[in-house]
Ligand code: 13P
Ligand code: SF4
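In the working numbering, the protein residues as written are 293 to 645.
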């Protein structure tokens, strides 16, 4: 396998015995301003469980000159408690590219940590749980991309960042849900191969004249939503605004008022300030966003990403203490994969998504 994480079994087993820290008056003082921000979404009774880890992680970040990048799907105690920078996949890639710390802890799934490592080959990039995968990333291999190239000679390959470095290395350019149309059109061709998310590819195809050759990868979280579910939200909640992620199936996207990346949804809320909203995406997103928009009522569907939820405060603490688990990418693969990511980053930021 060209892409590998460095780890040892003993270290992984040790994660089962993560330490428990005490909720002392010092910890309460050190974390009180954080709690003030999240008191509407984290019950007071839970704070003594999170606060000691939050206080220690924030100390360790200073000791190690580390930063924590967290995806919008991380739980609120991570998102608001310890993350230095938060965002969607595109924002995380951009932040990773600009990072100045010695250590980056990526609270998200492993393709995000790999992307951070590709852009920072000389820095230590840690992921708190090695098994934080992604059904889209697992749906395709580098060998699949090579076969597609044989089948469609000369057609450029646009690859969603939700893929392994090995797949990125076989691609011409990467994209995220925030810039997919722009990236596809930047190729200047009549056709592109778009990998691996079929639904995102279909959504892109609706917005461009470029012919899209699709792959049948799906997100196991977003594919569970149905159009009927969205119609029921409209029936049950007057004037509800429906925002959906483009990894959802087409019948879902047809019912939505706005389709965009996770950060695209946040920008849309900021711009339109609806009274009531339902975000058709991963569960924690509404909790995290509700902190910023207390005046909006969030109707909450709850589809959890089991991979994102592998990242917890005790595992982040362990990660910073033991400096585990280090993400490494084979140098030859990394060089080619980096090219595809950097080509994407060179395209100007999409204003709407
Ligand atoms: P975003 O880039 O929109 O944050 O999406 C990443 C992801 O994994 C969605 O499921
Ligand atoms: Fe992958 Fe879907 Fe989880 Fe995002 S939500 S990390 S696409 S499985």
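By construction, the Cβ of each residue, glycine as well, lies at the ideal position given by its N, Cα and C atoms.
What would DSSP say about residue i, mapped onto helix, strand or coil?
{"i": "residue 300", "result": "Below a pLDDT of 50, predicted positions are generally treated as unreliable, and residue 300, at 47, falls in that range; the measurement from the model is reported next regardless. Looking at residue 300 - three-state DSSP - the assignment turns out to be coil, as it is neither helix nor strand."}
{"i": "residue 630", "result": "helix"}
{"i": "residue 407", "result": "helix"}
{"i": "residue 462", "result": "coil"}
{"i": "residue 532", "result": "coil"}
{"i": "residue 479", "result": "coil"}
{"i": "residue 449", "result": "strand"}
{"i": "residue 372", "result": "coil"}
{"i": "residue 583", "result": "helix"}
{"i": "residue 419", "result": "coil"}
{"i": "residue 671", "result": "Residue coverage of the chain in this structure runs from 293 to 645, which leaves residue 671 outside it and unanswerable."}
{"i": "residue 625", "result": "helix"}
{"i": "residue 457", "result": "helix"}
{"i": "residue 545", "result": "helix"}
{"i": "residue 367", "result": "coil"}
{"i": "residue 619", "result": "strand"}
{"i": "residue 638", "result": "coil"}
{"i": "residue 436", "result": "helix"}
{"i": "residue 383", "result": "helix"}
{"i": "residue 362", "result": "strand"}
{"i": "residue 522", "result": "helix"}
{"i": "residue 646", "result": "The displayed coordinates of the chain run from 293 to 645. Any statement about residue 646 would go beyond what the structure contains."}
Kindly indicate the opening and closing residues of the beta strand (DSSP E) around residue i.
{"i": "residue 379", "result": "377-379"}
{"i": "residue 352", "result": "From DSSP, residue 352 is part of no beta strand (DSSP E) but of the alpha helix (DSSP H) over 339-356."}
{"i": "residue 592", "result": "Run containing residue 592: none; DSSP gives neither H nor E here."}
{"i": "residue 313", "result": "Note, residue 313: premise wrong, no beta strand (DSSP E); not H, not E."}
{"i": "residue 492", "result": "Here residue 492 belongs to no beta strand (DSSP E); instead the alpha helix (DSSP H) covers 490-497."}
{"i": "residue 506", "result": "503-506"}
So residue i packs on residue j, CB below 8 angstroms; how close in whole Å?
{"i": "residue 487", "j": "residue 452", "result": "7 angstroms"}
{"i": "residue 329", "j": "residue 581", "result": "Not confirmed; about 13 angstroms, so no contact."}
{"i": "residue 396", "j": "residue 389", "result": "Their Cβ separation, rounded to whole angstroms, is 11 angstroms, which puts residue 396 and residue 389 out of contact at 8 angstroms."}
{"i": "residue 592", "j": "residue 578", "result": "5 angstroms"}
{"i": "residue 345", "j": "residue 605", "result": "4 angstroms"}
{"i": "residue 639", "j": "residue 478", "result": "6 angstroms"}
{"i": "residue 613", "j": "residue 352", "result": "7 angstroms"}
Would you say residue i and residue j are within 7 angstroms of each other, going by their C-beta atoms?
{"i": "residue 320", "j": "residue 347", "result": "no"}
{"i": "residue 502", "j": "residue 476", "result": "yes"}
{"i": "residue 633", "j": "residue 419", "result": "no"}
{"i": "residue 599", "j": "residue 424", "result": "yes"}
{"i": "residue 517", "j": "residue 551", "result": "no"}
{"i": "residue 494", "j": "residue 448", "result": "no"}
{"i": "residue 509", "j": "residue 489", "result": "yes"}
{"i": "residue 504", "j": "residue 635", "result": "no"}
{"i": "residue 554", "j": "residue 380", "result": "yes"}
What are the start and end residues of the alpha helix (DSSP H) that includes residue i?
{"i": "residue 398", "result": "Per DSSP, residue 398 belongs to no alpha helix (DSSP H); it is in the beta strand (DSSP E), 395-399."}
{"i": "residue 605", "result": "605-614"}
{"i": "residue 570", "result": "No alpha helix (DSSP H) contains residue 570, which is instead part of the beta strand (DSSP E) from 568-572."}
{"i": "residue 326", "result": "317-330"}
Specify whether the stretch 327-340 and the stretch 379-395 touch according to this definition: at least 3 beta carbon pairs, one from each stretch, less than 8 angstroms apart. Contact between the stretch 327-340 and the stretch 379-395 is absent, because fewer than three Cβ pairs lie under 8 angstroms.
Is it the case that the stretch 422-434 contacts the stretch 455-465, given that we only count it when at least three CB pairs across the two stretches are under 8 angstroms? With three or more CB-CB distances shorter than 8 angstroms, the stretch 455-465 counts as touching the stretch 422-434.
Answer yes if the stretch 566-578 comes into contact with the stretch 532-542, meaning at least three C-beta pairs across the two stretches below 8 angstroms, and no otherwise. In short, these stretches touch, since the Cβ pair count reaches three.
Does the stretch 436-449 come within contact of the stretch 405-422, defined as at least 3 CB pairs closer than 8 angstroms? No, they do not touch.
Determine contact between the stretch 461-474 and the stretch 509-523, defined as no fewer than three beta-carbon pairs at a distance below 8 angstroms. Short answer: they don't touch.
Would you check if there are 3 or more beta carbon pairs closer than 8 angstroms linking the stretch 393-408 to the stretch 357-368? At 8 angstroms Cβ cutoff, the stretches touch.
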